[in-house]
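Student: I am attaching a structure below and will ask some questions about it afterwards.
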Amino acid sequence: MENALFEYLLRLGDDSLILGHRLSEWCGHGPVLEEDIALTNLSLDLIGQATSIFDYAGKVEGKGRSEDDLAFLRFDKDYRNLLLVERPNVDFGVTIMRQFLFDAYRKPLFERLVHSSDEMIAAIAAKSLKETKYHLRHSSEWVIRLGDGTEESHNRIQDALNELWKYAAEIFYEDAVDAELKANGVLPDMDSLKSDWDTIVHAVLEEATLTIPDNNWKQEGGRKGLHTEHLGFILAELQYMQRAYPNMEW
Amino acid sequence: MTNNEWPLWEVFIRSKQGLSHKHVGSLRAADEKMAIENARDVYTRRSEGISIWVVASANVFASNPDEADSLYEPANSKVYRHPTFYDVPDGIEHM
Amino acid sequence: MKEFNIDELNRKFQEKIDNDIKIEPKDWMPDDYRQTLIRQISQHAHSEVVGMLPEGNWITRAPNLRRKAVLLAKVQDEAGHGLYLYSAVETLGADREQTIDDLHSGKAKYSSIFNYPTLTWADMGAVGWLVDGAAIMNQVPLCRCSYGPYARAMVRVCKEESFHQRQGFEIMMKLAAGTPEQKAMAQDALNRFWWPALMMFGPNDAESKHTQQSMDWKIKRHTNDELRQQMVDITVPQAEMIGLTIPDPDLKWNEETGHYEYGEIDWDEFWQVVKGNGPCNKDRIDARRKAKEDGLWVRQAANAHAEKRRARNAKKAS
Numbered sequence: 001m002e003n004a005l006f007e008y009l010l011r012l013g014d015d016s017l018i019l020g021h022r023l024s025e026w027c028g029h030g031p032v033l034e035e036d037i038a039l040t041n042l043s044l045d046l047i048g049q050a051t052s053i054f055d056y057a058g059k060v061e062g063k064g065r066s067e068d069d070l071a072f073l074r075f076d077k078d079y080r081n082l083l084l085v086e087r088p089n090v091d092f093g094v095t096i097m098r099q100f101l102f103d104a105y106r107k108p109l110f111e112r113l114v115h116s117s118d119e120m121i122a123a124i125a126a127k128s129l130k131e132t133k134y135h136l137r138h139s140s141e142w143v144i145r146l147g148d149g150t151e152e153s154h155n156r157i158q159d160a161l162n163e164l165w166k167y168a169a170e171i172f173y174e175d176a177v178d179a180e181l182k183a184n185g186v187l188p189d190m191d192s193l194k195s196d197w198d199t200i201v202h203a204v205l206e207e208a209t210l211t212i213p214d215n216n217w218k219q220e221g222g223r224k225g226l227h228t229e230h231l232g233f234i235l236a237e238l239q240y241m242q243r244a245y246p247n248m249e250w
Numbered sequence: 251m252t253n254n255e256w257p258l259w260e261v262f263i264r265s266k267q268g269l270s271h272k273h274v275g276s277l278r279a280a281d282e283k284m285a286i287e288n289a290r291d292v293y294t295r296r297s298e299g300i301s302i303w304v305v306a307s308a309n310v311f312a313s314n315p316d317e318a319d320s321l322y323e324p325a326n327s328k329v330y331r332h333p334t335f336y337d338v339p340d341g342i343e344h345m
Numbered sequence: 346m347k348e349f350n351i352d353e354l355n356r357k358f359q360e361k362i363d364n365d366i367k368i369e370p371k372d373w374m375p376d377d378y379r380q381t382l383i384r385q386i387s388q389h390a391h392s393e394v395v396g397m398l399p400e401g402n403w404i405t406r407a408p409n410l411r412r413k414a415v416l417l418a419k420v421q422d423e424a425g426h427g428l429y430l431y432s433a434v435e436t437l438g439a440d441r442e443q444t445i446d447d448l449h450s451g452k453a454k455y456s457s458i459f460n461y462p463t464l465t466w467a468d469m470g471a472v473g474w475l476v477d478g479a480a481i482m483n484q485v486p487l488c489r490c491s492y493g494p495y496a497r498a499m500v501r502v503c504k505e506e507s508f509h510q511r512q513g514f515e516i517m518m519k520l521a522a523g524t525p526e527q528k529a530m531a532q533d534a535l536n537r538f539w540w541p542a543l544m545m546f547g548p549n550d551a552e553s554k555h556t557q558q559s560m561d562w563k564i565k566r567h568t569n570d571e572l573r574q575q576m577v578d579i580t581v582p583q584a585e586m587i588g589l590t591i592p593d594p595d596l597k598w599n600e601e602t603g604h605y606e607y608g609e610i611d612w613d614e615f616w617q618v619v620k621g622n623g624p625c626n627k628d629r630i631d632a633r634r635k636a637k638e639d640g641l642w643v644r645q646a647a648n649a650h651a652e653k654r655r656a657r658n659a660k661k662a663s
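Just so you know, the sequences run in chain order A, B and C.
Under the working numbering, think of the first position of the first sequence as 1, with each following residue one higher.
Under the working numbering, think of the first position of the second sequence as 251, with each following residue one higher.
Under the working numbering, think of the first position of the third sequence as 346, with each following residue one higher.
Here it is in structure tokens:
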């Protein structure tokens, strides 16, 4: 593996960046002012995480690319985010379910990464863990409210779960990148990650009176740069200024 | 209130250890958990608080300002409650 | 309880105001005072919330990560400020949802500046610098407003808003010092936002129907024209410093008065935009109405869930 650490950092950073982008689309349009503020908070945390991760990734790569170069100046096949996080917001139910399935992975992930042999990763994970605990609490509570709310909200959030389930399976995609980083201790003790995720997801979905889909298909691709049609449009907006006015400072 | 509007909550924040909770404003939330989270997002965006109380506004009972005289006059006459009632000799500081 | 006649109550009320004693929610107040405050504070709250849209517009297109985070935080602050203000309106007995419905039906107004479009990234600079600049000038005196909850909300708002204007000016400064393309972008934004920003202070004093009463009640501390003059005097040198030109051929320094003289404001445009003929009036209200309608099932669900939980807890307790 040429640079497994760099590759892994892109996966981590792109998840934060693209989900942060999606959440920022809510700003000014939330279902109630208080929730508008909450969704923007999540977005701010994720953009902040992406910034520190890309800053470090640029150094690891050693080609002089800045955090902005990495965030704004790659082509779609070079983005490594999960397909899950590029799914459109659709409505508050889909947004919350997407967030919950992701947070239920990110919290146990950061809990492990704080023990990484790589000090920078450990430090980024420590800061992100604090934020992610809050994100998970927020999304869990909303999944429960919507699942065990009205008939309409129950149906909407169940539909969201059915639709997103196959994308959630990509969370546990692994390849040579993970194998190499596990071998050198950058990724410590990941074995029980999936079972931690299962525990969180099952507990919350049960309280929310939701049914886990029996669809076992895994829709993968993002980690290898093979995306859905949505990423292109995200990048068209995200990169607009950097592409239209190259090499300028803002 | 229409059926769909969330109830109103009063928010109190302790900005640092050693101070009491202070009323900062209100917000709307469907339940107490949401009220706490919303209070965190709305009133402590610049880490102003370390402890948050929320109280359903419907549960706040307030005195009537027109009766302020009868509420406070008896207390005002109990001057021994006020520190200035006591003579402290010159030279004694920080009391 | 003692009986008071209305003249006596009015006299005592004005006495408090004259002695700079704050009016608090449960104090007696003249109905006109209450209605004026409800109108002004809810209009102010609506302006914060509608004001999220023209800037929210550029969050997904911000040119780098730092600018993106700053813009997000700023627009989020505006939601927070809207909330502080709705919270102040509610102390006067007005219901938040009702005041929002008044906005959506067109009955309630908001600052007409937000009916202008944000067309380029430089507009994020111009809005922060000029629009927030004008807003701060309006708001600082409101921290001493006679109504306690409004004054306290404004103290919070002003404390938080200081970074808003600075980040806007910083964007403009950077552009003005950048490539010719960037400088032109900045000048174009200034050209489009200068006059609407001056209109933000409202009609000339002679035309302003609420000013005198609001000053007597100490809701307002300065007239519209006083604040507008202050804005011009402060902003012109800032523009000069970064090498941008104020789009007003009549602008000149008056040595005698120590103020800038400026050209005639197009009041016809102002009233047309207030009435609904601005380029974005419909888009802004449609967006807010859609957010409320789309959120209805969410708000209903949260209420239904809270109700279920209360019922379950009551059952457990019995």
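Note that beta-carbon positions come from the ideal geometry of N, C-alpha and C, so glycine has one too.
Nothing here was measured: the structure is a model prediction, and the numbers come from that model.
Between the C-alpha atoms of Y79 (chain A) and L70 (chain A), what's the straight-line distance to the nearest angstrom?
Tutor: So the alpha carbons of these two residues sit roughly 9 Å apart.
Student: Is F75 (chain A) helix, strand or coil by DSSP?
Tutor: Correct three-state label for F75 (chain A): coil.
Student: Please confirm if the stretch 150–166 of chain A is in contact with the stretch 114–129 of chain A, defined as three or more CB-CB distances below 8 Å between the two stretches.
Tutor: Counting Cβ pairs under 8 Å, fewer than three are found: no touch.
Student: How would you call H115 (chain A), buried or exposed, if buried means at least 16 neighbouring beta carbons within 10 angstroms?
Tutor: The residue is exposed, with fewer than 16 neighbouring Cβ atoms inside 10 Å.
Student: Classify P541 (chain C) as helix, strand or coil using the three-state DSSP reduction.
Tutor: Helix at P541 (chain C).
Student: Using only alpha-carbon positions, find the residue among C:V618, C:Q388, C:F514 and C:Y455 that is nearest to G473 (chain C).
Tutor: When only C-alpha atoms are compared, the closest one is C:F514.
Student: Based on the DSSP secondary-structure assignment, which residues constitute the bridge partners of V301 (chain B)?
Tutor: In the sequence under discussion, the amino acid at residue 301 (chain B) is Ser, which differs from the Val named in the question. The partner list for S301 (chain B) (beta bridge, DSSP) reads B:R264.
Student: Whole-angstrom Cβ separation of P108 (chain A) and D196 (chain A), contact assumed at under 8 Å?
Tutor: Indeed they touch by this definition, with Cβ atoms about 4 Å apart.
Student: Give the single residue among A:Q239, A:A176, A:E131 and A:L193 whose Cα lies nearest to the Cα of Y259 (chain A).
Tutor: This structure leaves residue 259 (chain A) out entirely; chain A is present only between 1 and 250.
Student: Bridge partners of H273 (chain B), per DSSP?
Tutor: Answer by DSSP bridge pairing, in chain order: B:F262.
Student: Within a Cβ cutoff of 6 Å, which residues of the same chain sit near H650 (chain C), ignoring the five residues on either side of it in sequence?
Tutor: Answer for H650 (chain C): no residue qualifies.
Student: Answer with yes or no whether the minimum CB distance from A203 (chain A) to chain C is below 8 Å.
Tutor: It does not; no Cβ of chain C falls within 8 Å.
Student: What three-state label does DSSP hand A244 (chain A) in the structure shown?
Tutor: Helix, per DSSP.
Student: Pull up the distance between the alpha-carbon of D447 (chain C) and that of A453 (chain C), whole angstroms please.
Tutor: Whole-angstrom Cα-Cα distance: 5 Å.
Student: If G93 (chain A) and L46 (chain A) are in contact, beta carbons under 8 Å, what's the gap, nearest whole angstrom?
Tutor: At roughly 20 Å, the Cβ-Cβ gap does not stay under 8 Å, so G93 (chain A) and L46 (chain A) are not in contact.
Student: Would you report the Cα separation of S276 (chain B) and S450 (chain C), rounded to the nearest angstrom?
Tutor: The alpha-carbon atoms of S276 (chain B) and S450 (chain C) are separated by roughly 25 Å.
Student: Once you ignore the five residues that flank L398 (chain C) on each side, which residues in its own chain have a CB closer than 6 Å to its CB?
Tutor: The answer, listed in chain order, is R629 and A632.
Student: Following the continuous alpha helix (DSSP H) through W642 (chain C), name the residue where it begins and the one where it ends.
Tutor: L641 to A662 is the extent of the alpha helix (DSSP H) around W642 (chain C).
Student: Residue range of the beta strand (DSSP E) that K597 (chain C) falls in?
Tutor: Looking at the DSSP string, the run of the beta strand (DSSP E) that includes K597 (chain C) is K597 to N599.
Student: Please look up how many angstroms separate the CB atoms of E67 (chain A) and F6 (chain A), rounded, as I've assumed it's under 8 Å.
Tutor: Rounded, the Cβ-Cβ distance is 13 Å, inconsistent with contact.
Student: Verify whether the separation of the beta carbon atoms of S663 (chain C) and I564 (chain C) is less than 8 Å.
Tutor: No, the pair does not count as a contact, with Cβ atoms beyond the cut-off.
Student: When the Cα of N288 (chain B) is compared with those of A:Q219, A:R137 and A:L187, which residue comes out closest?
Tutor: Residue A:R137 is the option with its Cα nearest to N288 (chain B).
Student: Please compile the residues from chain B whose C-beta is within a distance smaller than 8 Å of the C-beta of I234 (chain A).
Tutor: None at all; the shortest Cβ gap to chain B is about 25 Å.
Student: Considering only the beta carbon of each residue, do Y461 (chain C) and P541 (chain C) sit closer than 8 Å?
Tutor: For Y461 (chain C) and P541 (chain C), yes; Cβs fall inside 8 Å.
Student: Applying the 10 Å Cβ sphere with the 16-neighbour rule, what's the burial state of R737 (chain C)?
Tutor: In the structure displayed, chain C extends from 346 to 663; residue 737 (chain C) sits before or after that span and is not available.
Student: Beta-carbon within less than 7 Å of R106 (chain A)'s beta-carbon, same chain only, minus the 5 sequence neighbours each way: which residues are those?
Tutor: Excluding residues within five positions, the ones whose Cβ falls inside 7 Å are T132.
Student: Report the start-end ranges of each alpha helix (DSSP H) in the stretch 26–73 of chain A that is 4 residues or longer and not cut off at the edges.
Tutor: Within the stretch 26–73 of chain A, the complete alpha helix (DSSP H) runs of at least 4 residues are 33–61 and 67–72.
Student: Comparing alpha-carbon positions, which option in A:S43, A:V186, A:S16 and A:R98 lies nearest N3 (chain A)?
Tutor: If we check each option's Cα against that of N3 (chain A), A:V186 comes out closest.
Student: From W259 (chain B) to R644 (chain C), what does the alpha carbon distance come to, in whole angstroms?
Tutor: Cα to Cα, the separation comes out at about 16 Å.
Student: So, with DSSP's three-state summary, where would you put A280 (chain B)?
Tutor: A280 (chain B): coil per DSSP, three-state reduction.
Student: DSSP puts E606 (chain C) in a beta bridge; with which residues?
Tutor: Per DSSP, C:K597.
Student: Measuring CB to CB, does Q512 (chain C) end up less than 8 Å from K413 (chain C)?
Tutor: No, the Cβ-Cβ distance between Q512 (chain C) and K413 (chain C) is not below 8 Å.
Student: How far does the alpha helix (DSSP H) with Q239 (chain A) in it extend, from its first residue to its last?
Tutor: Neither: Q239 (chain A) is in no alpha helix (DSSP H) and is coded neither H nor E.
Student: Below 7 Å CB to CB, which residues in the same chain sit around Q575 (chain C) once its five sequence neighbours on both sides are set aside?
Tutor: Once the five neighbours on either side are set aside, the close Cβ partners of Q575 (chain C) are M482.
Student: Just to check my reading of the structure: W642 (chain C) and R156 (chain A) have Cβ atoms closer than 8 Å, yes? What is that Cβ distance to the nearest angstrom?
Tutor: So it is a contact: roughly 7 Å between Cβ atoms.
Student: Tell me which residues of the stretch 23–50 of chain A have at least one Cβ-Cβ distance to chain C shorter than 8 Å, keeping chain order.
Tutor: Result list: S24, E25, C27, G28, H29, G30, P31, V32, L33, E34, E35, D36, I37, T40, N41, S43, L44, I47, G48 and A50.
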